[in-house]
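For reference, the structure is listed below as structure tokens.
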Amino acid sequence: MIGLERVSKSYAGLRALDEVSLDVPPRAVTVLAGADGAGKSTLLRIVVGLVGRDSGRITLEGREVGDDFGRLTALAGFMPERFSLYTDLTVEENLNFFAAIHGVPRRRREEMKSKLLERTGMQPFRRRRAGALSGGMKQKLALSAMLLASPRLLLLDEPTTGVDPLSRIEFYDIIRELRDEGRTILMATPYLADAEKGDFVVFLKKGRVLLQDSIARLKRTFPARIFRILPRGNVFEALGRLQEQEGVGRNVYLQGRTLRLMQTGDEDPSRLVSALSITEEKPTLEDMYIYYERQA
Numbered sequence: 024m025i026g027l028e029r030v031s032k033s034y035a036g037l038r039a040l041d042e043v044s045l046d047v048p049p050r051a052v053t054v055l056a057g058a059d060g061a062g063k064s065t066l067l068r069i070v071v072g073l074v075g076r077d078s079g080r081i082t083l084e085g086r087e088v089g090d091d092f093g094r095l096t097a098l099a100g101f102m103p104e105r106f107s108l109y110t111d112l113t114v115e116e117n118l119n120f121f122a123a124i125h126g127v128p129r130r131r132r133e134e135m136k137s138k139l140l141e142r143t144g145m146q147p148f149r150r151r152r153a154g155a156l157s158g159g160m161k162q163k164l165a166l167s168a169m170l171l172a173s174p175r176l177l178l179l180d181e182p183t184t185g186v187d188p189l190s191r192i193e194f195y196d197i198i199r200e201l202r203d204e205g206r207t208i209l210m211a212t213p214y215l216a217d218a219e220k221g222d223f224v225v226f227l228k229k230g231r232v233l234l235q236d237s238i239a240r241l242k243r244t245f246p247a248r249i250f251r252i253l254p255r256g257n258v259f260e261a262l263g264r265l266q267e268q269e270g271v272g273r274n275v276y277l278q279g280r281t282l283r284l285m286q287t288g289d290e291d292p293s294r295l296v297s298a299l300s301i302t303e304e305k306p307t308l309e310d311m312y313i314y315y316e317r318q319a
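For any residue, its number in the numbering used here is found by taking its place in the sequence shown, counting from 1, and adding 23.
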């Protein structure tokens with residue numbers, strides 16, 4: 024649906040995006056994943072026209088956008104990272120206000136408002152001031168306000184930052200429902216566990232694309248086996264000994280009280296380290312990001 028070709032952006036000599044090219048397929052959730060400073064927010068703001076690019080092309084459904092973002096913004100909704108609604112207004116007043124901004128007819132507004140409040144579980148809180156809502160409720164209110172105009176394309180900038188685990192689960196249930204209705208979603212997150220909720224992922228590092236593909240294909244073709252190791256004795260000493268092993272090096276890292284080994288060879292991990300337990304697991308997006316980031 025949306026394509027970027029060699030898009031670059033600098034701020035005062037600092038390269039925020041460096042010739043980024045990517046495709047956002049229609050009717051799917053595409054996740055921009057990477058650490059803070061990777062360029063995720065800048066990319067979203069460039070796509071929606073809030074920030075100008077220095078070079079490169081943006082296409083919408085195969086046609087170049089150029090500098091006129093009217094066609095794109097007519098079908099897109101943007102949800103920034105920070106809560107941007109009016110804290111002194113109630114949930115319902117916020118929705119009425121944003122419906123008026125988007126020119127939603129009153130009858131359609133009431134229909135959409137009722138549907139969205141029900142879908143997000145916000146119906147019992149419709150008369151509560153937005154400033155008194157929890158972090159998760161604020162994000163669901165912001166999403167509802169954006170959906171009043173029925174956008175086909177949703178751009179979400181770190182939508183679950185500071186949100187409790189239960190609200191995060193509920194939020195992604197709503198995102199999946201929206202995708203199943205045929206909407207296209209481009210979402211940025213620093214949480215690779217959240218990125219698992221997507222269909223496609225784009226790994227970003229310091230303004231560059233490390234890798235992009237469908238999550239299912241990345242997991243199917245990942246070139247390493249993953250082992251969770253509970254070592255005997257001090258875990259930091261075990262980590263150091265493993266890192267000194269030929270062929271291991273940076274392919275092992277600490278995760279809580281255990282070690283996570285990305286094994287690219289055929290050697291039995293039990294020969295490399297004295298362990299209480301060694302369990303082979305399926306690769307996660309966190310494993311993949313660490314693996315490809317270290318190969319770059």
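Idealized CB from N, CA, C, for every residue including glycine.
- For LYS228 and GLU42, the gap between their C-alpha atoms comes out near 12 Å.
- The three-state secondary structure of THR302, taken from DSSP, is strand.
- When secondary structure is reduced to three states using DSSP, ALA261 falls in the helix class.
- The C-beta distance from GLU303 to ILE249 rounds to 7 Å, short enough to meet the 8 Å contact threshold.
- It is roughly 21 Å from the alpha-carbon of ARG202 to the alpha-carbon of PRO213.
- Residue pairing from DSSP places TYR34 in a beta bridge opposite LEU37.
- Around the CB of ASN119, 16 or more other CB atoms lie within 10 Å, so the residue is classed as buried.
- Using a Cβ-Cβ distance cut-off of 8 Å, the segment 139-159 and the segment 103-116 are in contact, since at least three pairs of beta carbons, one from each stretch, lie closer than that value.
- If you draw a straight line from the Cα of ARG240 to the Cα of LEU170, it is about 31 Å long.
- The beta-bridge partner set that DSSP reports for GLY72 is empty.
- Across the structure, THR82 and GLU28 are spaced so that their CA atoms are roughly 8 Å apart.
- CA-to-CA, the gap between GLN268 and ALA216 works out to about 29 Å.
- Per DSSP, LYS161 is one residue of the alpha helix (DSSP H) stretching across 158-170.
- For LYS163 against THR143, the beta-carbon gap comes to about 4 Å, under 8 Å, which counts as contact.
- For TYR314, the closest C-alpha among the options GLY89, PRO246, ARG294 and PRO254 is that of PRO246.
- Looking at the backbone, the Cα of GLY263 and that of MET311 are separated by about 22 Å.
- No Cβ-Cβ contact shorter than 9 Å links SER78 with VAL47.
- Looking at the DSSP output, TYR214 shares a beta bridge with no other residue.
- Nearest in C-alpha terms to PHE223, of all of ARG50, GLY36, LYS32 and SER33, is ARG50.
- Comparing alpha carbon positions, the residue from LYS138, GLY279, ILE238 and LEU299 closest to PRO306 is ILE238.
- Following the DSSP letters along the chain, one finds ARG251 inside the beta strand (DSSP E) bounded by residues 248-254.
- C-alpha of ILE197 to C-alpha of ILE208: approximately 12 Å in a straight line.
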